[in-house]
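Under this note's numbering, think of the first position of the sequence shown as 0, with each following residue one higher. Here's the structure we're looking at; comments come further down.
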Amino acid sequence: MDATSQLQEQVNTIAALAFNAFGTLQRDAPPVCISQDSPEPPANPSKKAVNVTEQPKIMSTALVTASNQFDMLVAALPLPEGGPEAQLKRIAELQAENEAVGQELQRQLDAAEKELKQVQEFFKQAADNCLNLKKPD
Numbered sequence: 000m001d002a003t004s005q006l007q008e009q010v011n012t013i014a015a016l017a018f019n020a021f022g023t024l025q026r027d028a029p030p031v032c033i034s035q036d037s038p039e040p041p042a043n044p045s046k047k048a049v050n051v052t053e054q055p056k057i058m059s060t061a062l063v064t065a066s067n068q069f070d071m072l073v074a075a076l077p078l079p080e081g082g083p084e085a086q087l088k089r090i091a092e093l094q095a096e097n098e099a100v101g102q103e104l105q106r107q108l109d110a111a112e113k114e115l116k117q118v119q120e121f122f123k124q125a126a127d128n129c130l131n132l133k134k135p136d
């Protein structure tokens, strides 16, 4: 697997861990009284015992581990050669190449549209000719 795919996979893993951690914390949080005037929230006895103190520790450890793995993958990326100036030069070259390819594609698109109009005109003429040859009943 290439470095980009590994980084994307690790980002997805971190997102899934964070999503599950936040959801679990919300689900298992004890009821809280919003104001002093509101009645005490009813206790929500769950059917299975949830270790509310250990589960966040386990989830946060998994999240930190995944984050550290991401940091290691980023650190393993090759450094760009030539520094920022070389990068800017390469970006300018790629933009110029992109512009040239875009112009060529536009020319091809224009030619294809012109050819499509000709084909549509020929089809219209053929259809008109067929209708004109049809004998009335």
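Cβ coordinates follow ideal geometry from the N, Cα and C atoms, glycine included. Since the structure is predicted, the reported quantities are computational estimates derived from the model, not experimental observations.
Inset, instruction - Have a look at 64, 130, 26, 3 and flag the residue whose alpha-carbon is nearest the alpha-carbon of residue 16. - result: 64
Inset, instruction - Could you please give the first and the last residue of the uninterrupted alpha helix (DSSP H) stretch that includes residue 102? - result: 82-132
Inset, instruction - Please classify residue 121: is it buried, with 16 or more other beta-carbons within 10 angstroms of its beta-carbon, or exposed? - result: exposed
Inset, instruction - Determine contact between the segment 4-12 and the segment 60-76, defined as no fewer than three beta-carbon pairs at a distance below 8 angstroms. - result: yes
Legend entry - C-beta atoms of residue 12 and residue 58 nearer than 8 angstroms: no
Legend entry - Inter-residue Cα distance where the pair is residue 46 and residue 53: Per-residue confidence for residue 46 stands at a pLDDT of 49, beneath the threshold of 50, marking its modelled position as unreliable; the derived number appears in the next sentence. Each residue's alpha carbon lies about 18 angstroms from the other.
Inset, instruction - Report all residues from its chain with a CB closer than 7 angstroms to the CB of residue 39; omit the five preceding and five following residues, and keep chain order. - result: 32
Legend entry - Alpha-carbon spacing of residue 128 relative to residue 89, whole angstroms: 58 angstroms
Legend entry - N-terminal and C-terminal residue of the alpha helix (DSSP H) that residue 16 is part of: 2-27
Inset, instruction - Give me the Cα-Cα distance between residue 118 and residue 124, rounded to the nearest whole angstrom. - result: 10 angstroms
Inset, instruction - Tell me where the alpha helix (DSSP H) around residue 75 begins and ends. - result: Residue 75 -> no alpha helix (DSSP H), and no H or E assigned at all.
Legend entry - Cβ pair residue 95, residue 62 closer than 8 angstroms: no
Inset, instruction - Determine the DSSP secondary structure at residue 35, reduced to helix, strand or coil. - result: coil
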